[in-house]
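For reference, the structure is listed below as structure tokens.
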């Protein structure tokens, strides 16, 4: 793990573009990952970039398969039992975790009042559970993997807990934000052992990223 | 026909057992040579006795016996050995040195590959003076790592009281303090900085605190820390510097990394704390430190120190180091 160049877990998907931009800004050559290569691993002169789903980043970093990584706060909150060190808020990829329900429909309030229980569809069962526990409400969580907006439209649940960037998807599905739970941005994380044993390299990278994210 | 076993437990088959036996023998040889006699204690104890260490060390596995007594499965060996010393050696002449190879039990989160039953190898030194205790324990730990073939392993050395005292000095108390310490224990620096700011200690002080948690390395980090000021920092750096000097005098400081961001999540530590890393493994191999308050819970006013290594992780690191060639 502590041998060879630093391994950075890079999130594919919505965070990829800005992740590569900030890597450019700190002097990492991102020509290859920007190309149309199907590779998952890219050796740059500065470090090894390992690309993966954002939700896999904590897994790779926890085990030390990647020394450091970038992923969303939503992922870290959902997997808060994976001990990785959260070193920096990179500021980009800003989204809000929200409770949403059908526009102009009082089904959510009615379920709370008449059934004492909300049915909530979500891809983030732990964040949802913690939020409703903290706000003193009982819920039945319905975990879905795909488009969660679908659930309340066909009667699977009274509302959804989901990550919202612009709110357009909600709007198109006639859903509206009822409560904001937490704002999520991209974070720079490190493996516990790498943070100790590769201290100088990781500190230097953290500082450069801090500068670049201002 | 498959007959399942509970998650977080496992069988050990002969090939692995042979390697583990060699590793255990090598460790016990080091411990005995340094005067740490091996002891065994029961895996089940009275809950009332085990819970004196209170807080997070409390085992999750508690049950009633046939006469209604509440029993508990031990979560580590430090508390049972504190109990043993207080019960059987109260009249003896300290210091007391003991070693162990024993199973411990902790709750697991499902599907995370965590073990609810695990083997620890470690030592406890009870009744030596505080500074000497930490130094001796680190020396034994280094010999144990060498005996296990982990010549590249590094020992992180920190101070368990630093942030509690620093926050007190800054007037941060109650829930705010606990919340800040929790962020520090999980090393969530983003939340830490925010909470420090929310605590109203000012931008400058918050930055200093956050900076402090990132100081790790050789002696130079102590100078850098002193520059950041404060009575709590002064006390911690003086204490760490004494320990480090003594280790250096004994030629045992080379693989010790001073780490001001170290905070182990067991409540009973005070003063020096340790963590063990090997470059071949992404997980911490073990840890330890001083825990002077614990013996008081058992009626003895003695300083104490020790460490525990997770045997399976040491074994995995051995394998990884061997693969490296």
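Chains as they are written, first to last, in the working numbering: chain A, 1 to 214; chain B, 215 to 539.
Backbone N, C-alpha and C fix where the C-beta goes; we use that ideal spot for every residue, glycine too.
The region 401 to 431 of chain B is shown to contain whole alpha helix (DSSP H) runs of 4 or more residues at 403 to 412, 417 to 427, in chain order. Below the 7 Å Cβ cutoff, chain A contributes 86 as neighbours of residue 402 of chain B, in chain order. The three-state secondary structure of residue 491 of chain B, taken from DSSP, is strand.
Apart from the 5 residues on each side of it in sequence, residue 373 of chain B sits with its Cβ closer than 8 Å to the Cβ of 450, 453, 454, 474, 476, 485, 486, 487 in its chain, given in chain order. Distances from the alpha-carbon of residue 102 of chain A to those of A:189, A:52, A:96, A:174 put A:174 closest. Put simply, the region 28 to 39 of chain A does not touch the region 155 to 170 of chain A. Fewer than three CB pairs are less than 8 Å apart. With the rule of 3 Cβ pairs closer than 8 Å, the region 389 to 397 of chain B does not count as touching the region 337 to 350 of chain B. No Cβ-Cβ contact shorter than 8 Å links residue 505 of chain B with residue 499 of chain B.
Counting only Cβ-Cβ distances below 8 Å, residue 498 of chain B has contacts in chain A at 192, 193, in chain order.
For residue 494 of chain B, the CB contacts under 7 Å within the same chain, skipping 5 residues up- and downstream, are 531, 534, 535, 538 in chain order. Closer than 8 Å to the CB of residue 532 of chain B there is not a single CB belonging to chain A. For residue 175 of chain A, no CB of chain B lies under 8 Å from its own CB, so it is not counted at the interface with that chain.
Selection A:86, A:118, A:41 evaluated against residue 152 of chain A yields A:118 as nearest (Cα-Cα). With respect to chain B, the C-beta atom of residue 7 of chain A has no partner C-beta closer than 8 Å. Within the region 421 to 437 of chain B, 428, 430, 431 place their CB atoms closer than 8 Å to a CB of chain A, listed in sequence order. In this structure, DSSP gives residue 391 of chain B a helical state, which the three-state scheme calls helix. For the region 366 to 382 of chain B, residues whose beta-carbon sits nearer than 7 Å to a beta-carbon of chain A comprise 368, 370. Contact holds between the region 47 to 57 of chain A and the region 1 to 18 of chain A, because three or more Cβ pairs, one in each stretch, are under 8 Å apart.
By the criterion of at least three beta-carbon pairs nearer than 8 Å, the region 332 to 340 of chain B is in contact with the region 348 to 363 of chain B.
Taking each of A:55, A:54, A:112, A:28 in turn and checking the Cα distance to residue 42 of chain A, the smallest one comes out for A:28.
According to the DSSP secondary-structure assignment, residue 85 of chain A is paired through a beta bridge with A:190.
Annotation: residue 77 of chain A has no Cβ neighbours in chain B at a cutoff of 9 Å; minimum Cβ distance is about 11 Å. DSSP places residue 260 of chain B inside the beta strand (DSSP E), whose first and last residues are 258 to 260. Collapsing the DSSP output to three states places residue 263 of chain B in a helix. Inclusion of residue 184 of chain A and residue 52 of chain A in the CB contact set at 8 Å is not warranted, their separation being larger than that value.
According to DSSP, residue 522 of chain B shares a beta bridge with B:336, B:501. Collapsing the DSSP output to three states places residue 453 of chain B in a helix. Bounds of any alpha helix (DSSP H) do not take in residue 7 of chain A; it lies within the beta strand (DSSP E) bounded by 7 to 11. Taking 3 residues as the shortest admissible run, the region 282 to 319 of chain B contains the following complete beta strand (DSSP E) segments, listed from N- to C-terminal end: 284 to 287, 310 to 319. Residues of chain A whose Cβ lies closer than 8 Å to the Cβ of residue 473 of chain B are, in chain order, 196. Counting C-beta atoms within 10 angstroms of its own C-beta, residue 191 of chain A has 16 or more neighbours from the protein chains shown and is therefore classed as buried.
Residues of chain A with a Cβ closer than 7 Å to the Cβ of residue 491 of chain B are, in chain order, 193, 196, 197.
In this chain, the beta strand (DSSP E) harbouring residue 373 of chain B covers 368 to 373. With 16 or more other Cβ atoms from the protein chains shown falling within 10 Å of its own Cβ, residue 312 of chain B counts as buried.
For residue 54 of chain A, the CB contacts under 7 Å within the same chain, skipping 5 residues up- and downstream, are 11, 13, 15, 71, 72, 75 in chain order.
Using a 10 angstroms sphere on the CB of residue 217 of chain B, the tally of other CB atoms stays under 16, which defines it as exposed.
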